[in-house]
Each structure stands twice: as C-alpha cells, then as structure tokens.
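Read in order, the letters of the sequence shown correspond to residues 582 to 1005 in the numbering used here.
Just so it is clear, CB atoms sit at the ideal spot from N, CA and C, and this is done for glycine as well.
Read the structure below first, then the notes.
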Amino acid sequence: MKKLLLLIPVLALVLAFTVPSFYPIDGYERTGIDRLAYLQKIVRDSVKYTRIPAGAYLATADIKLRLTSKKDSAITYMTEDPALQKKISSLFYGLDASYSISVLDMTDTTNLKYAARNETRGYQPGSVGKLAILLAMFDQLEKLCPNDWGARESLLKHKRVKGGPFAVYDHHTIPLYDIEQDKLTRRTAREDDVFSLYEWIDHMVAVSNNGAASVVYREALLLKVFGEKYFDLTDEEAMQWFKDTSRKEISDLAFEVVNQPLRDLGISEDEWRLGGFFTNGAERYVSRQGGSIGSPKGLMKFLVNIEQGKAVDSLSSLEMKRIMYQTERRIRYAQSKTLDSAAVYFKSGSFYKCDRSKGACGDYAGNVFNYMNSVIIVEHPDNGSKYIVCLMTNVLRKNSASDHMYLAGRIDKAIEEEIAAAGQ
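Have a look at this one:
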C-alpha cells in the first residue's frame, strides 16, 4: 500500500478561466476534496455565488508565508509598540477583563508591531482548539515521512478511513458533493462515513465539525502508534487496538500527541492545551486529561510560527495556512465588511453554558460562561496591511459575534492609520 501511495502522482490543476481561481478551489486535483470540485464547477460555469467575498479568490500559488526571514522564537516579536498599543487599548475603554486580545502588524516585516490586552488570560478555546489537532496531524506525518513531502501529501489524499464511533455525535453538518450527479447535500457525520484524511481535515476546519475533529485526532494518534504500519492499517485493526489497549495508555498517548507539538513551538501548557476529544463517541475509549485552555498569547505564538514556517516545517506550515484560507461563508470576526477584499485565514470557536435559574440565556449567550474566540490572519491586497489578531471573550448573556465583527472593523482601521502615520 505504501508503494502505491508513493507512486500516485500529485497533479497540479491549471485553471483556464477568465475568472480568478481561488484556494482551496484550485486544490481539488491535489487534495481530492469533493467540496472543491463543486466550487470549481461554479467558477467554471460563471455561476453567481454570493457566499464568497472578493478576498477569497486567491490561487494556491498566491498563498505565502510572511515571516520566513524571522528566525528568532515567536515571543521575540511580541513586544509592545507604544503607538499601536495606545490605539488598540482605546478600543476597549470601559470594558472589563472579559475581552482579551493580541495583535501583530506584519505589514512591514522589518518593523513588526505588537499590541495586547489581557493576553495571558486563559479561556476555553472551543473549536479554535481544532488547530492543535491540525498541528498534531502534520507533526506525525513529518515523523513518518521526514524527507518526503510528496509521500505525506499522497497519504492525506488517498488514505481513507471510517468515522466509526469517534465521528458521533455533532450537530454541525458536513457538505457532501456527488460529482456524477452534480448534487450538493449537507448532513451530520455518521459512523459509516468514509473519507480521505484531507476530507476529514476539511470537515474539521471548514465547517468545524466535531466528529471530524475527533477522527483526525484519532488518526494522528494511530500514526504515532503504528508508524510505517499505518499505510496498511485497516479500520478494524485500528478499533481493535483501542479495545485491546488500556484506557490510561491511550489517554496518555493522546494527550502527548496533541500537546507536545505546541510545547515544541514554545507555547506553554497555561498558554494553550487541549484536554481531550470533541465527541462523546471518542470518550468511550479515551479519557480527558484536565480541561482545555487557550490564551491570545499562546494562539499568537502558534500563528507567528506558521508564518515563520516553523510549525513542524515550512511545507507543513504553508499547507496549514492554506487549509485555514476561507472560501466559504465568513462568520463572526471575519464577517466584517472591511475585510471583504482581504484574504483571511481564520478559525473561530465558542463554548457556553446556561443555568435557567440565573436568568436570561440562550444559544451563544450563556449566563454561566460564554466563550467566543476568533483567530485570524488578514492580508489586504497589493500593498495593503497584513496582520494577525487573536481575540477571546467571555461576555455573559450576549452573543458576541457582533462584537467581534465590530471590533474587526475598528482594529483594521487602527492598523491602517498606523501604517499611514509611519509613511509620513
């Protein structure tokens, strides 16, 4: 099986359209993600598709890492710039510690500017934690094929795995495109679903499916356990290992697989850790180890390492950035109209709890806790601003999506003003 995977060519898709191509759409032939074939057809047939803003029309080759010239550890570049700090602080005047943020302006890579507010405060990261699983997968792929990017990419495309109990249960739907019937449907993930690793990753990041996150986490763990044998590992053999291995051993290995790559990037346990899987089905086999936590500081370190090409290695960093590039409907922070023309690399997450005895509460408006988190890389076209923002909030009884969107516009304006002032 390994030889077969290595011999399958990785094809480049050449788009002969007058309409600009955009990633990940032009990555369909390379990744085999069916959803991209649907979007590719829309572009080819010039069908109006209002879910995608202007900034989503980049080709794969257009996506670059911005900080590869910066060789020091991420924390080196996270030193307060007085002027930018003053502007960012003013946006939160009168607000309490329920708002935490870190901002890095990398428009001029020779003069990085950083600002923050409560950046060390820990929050439940919600679905932002799925980026730790993404890192874990690429970390294990590098360990399996350290000198062969093509083999890693081929495994992602051609290794198909069954969701099993890990895939359930989750209310987030996944897109399913029948290429032959030209039909797109959406439904929740099921135990009998079989997708490639790339497709499970896409479901995890693009639509934030919890079942997909647990499956990708499981596969990163199996990569560590089985090594070379993973190429030929069957779904039945994988599940038998979970049944035959002690729960403690599995849980210890799972915690190491997803958290050690963060430590390798200089991110401490208090800055970002993932405590367990995302579905009840997975927790039949793997115990949680403490709670999950994230902070703007830890998440900023991760994104800086991505831009440096130091998250596993340069090719892995670039691929993770491509996976974060949004070509679907933008939400929360990324929904700000000021970002429509910008390329955005984005993940958001929420986690809330209601206690009806404490009064008003609702979806994304918990009254016990109400975490909403947004991490984003923004790249305005041409000579426009390029920056990173990690925003985490815990505002009770209020859906903070509008707050995140409002702040996105004000932060964008603040950075533009700083760039203009520096040019005078």
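Inclusion of N954 and S679 in the CB contact set at 9 Å is not warranted, their separation being larger than that value. Taking 4 residues as the shortest admissible run, the stretch 659-738 contains the following complete alpha helix (DSSP H) segments, listed from N- to C-terminal end: 663-671 and 711-725.
Counting along the chain, F776 sits inside the beta strand (DSSP E) bounded by residues V775 to S777. In the same chain as R913, and ignoring 5 residues on each side of it, the C-beta atoms closer than 6 Å to its own belong to S929, S955, A982 and H985, in chain order.
Rounded to the nearest angstrom, the gap between the Cα atoms of G940 and N948 is 8 Å. Contact between the stretch 785-795 and the stretch 806-818 is absent, with fewer than three C-beta pairs closer than 8 Å.
Per DSSP, the continuous alpha helix (DSSP H) segment holding F836 begins and ends at R828 to D845. Taking 9 Å as the cut-off, the Cβ atoms of M820 and G745 count as close.
Taken through DSSP and simplified to helix, strand or coil, Y987 comes out as helix.
Taking every protein chain shown into account, the CB of E960 has 16 or more other CB atoms within 10 angstroms, so this residue is buried.
Judged by DSSP secondary structure, T974 falls outside any alpha helix (DSSP H) and instead within the beta strand (DSSP E) spanning K967 to N975. Residue pairing for K934: DSSP places it in a beta bridge opposite F950.
Beta-carbon to beta-carbon, T649 and Q889 are separated by about 6 Å, close enough to satisfy the 8 Å threshold. Taken atom to atom, the span from the alpha-carbon of E998 to that of I887 is near 26 Å. Here Y926 is bridged, per DSSP, to Y906 and I958. E900 counts as buried, since no fewer than 16 other beta carbons sit within 10 angstroms of its beta carbon. Residue nearest to Q705 within the set N951, A1001, L988 and A1002 is N951 (criterion: CA-CA distance). The C-alpha of S795 lies about 46 Å from the C-alpha of A1003. In terms of Cβ geometry, M718 and V797 form a close pair [threshold 9 Å]. Put simply, the backbone Cα of G613 is about 44 Å away from that of K668. Assigned with DSSP and collapsed to three states, Y945 falls in coil, not helix or strand.
In the three-state reduction of the DSSP assignment, D607 falls in the helix class. Cβ contact annotation for R799 (same chain, cutoff 6 Å, sequence separation greater than five): F747, in chain order.
By DSSP's assignment, T769 forms a beta bridge with T754.
In the three-state DSSP reduction, V796 falls in the helix class (H, G or I). In the structure shown, K810 adopts helical secondary structure according to DSSP, grouped into three states.
By the beta-carbon neighbour count (other beta carbons within 10 angstroms, threshold 16), E850 is exposed.
Per DSSP, R625 is not a residue of any beta strand (DSSP E); the alpha helix (DSSP H) it occupies stretches across D615 to R625. Residue pairing by DSSP places W853 opposite G875 in a beta bridge. Assigned with DSSP and collapsed to three states, V742 falls in strand.
The DSSP-derived three-state label of K805 is helix. Taking every protein chain shown into account, the CB of Y619 has 16 or more other CB atoms within 10 angstroms, so this residue is buried. With contact defined as three or more Cβ pairs closer than 8 Å, the stretch 842-860 and the stretch 678-697 are not in contact. Per the coordinates, the alpha-carbon of H784 lies some 36 Å from the alpha-carbon of L665.
When D759, D845, L843 and Y866 are compared, the shortest CA-CA separation from K829 is found for Y866. Ranked by how close their Cα comes to the Cα of A923, the residues P756, I957, Y945 and C942 have I957 in first place.
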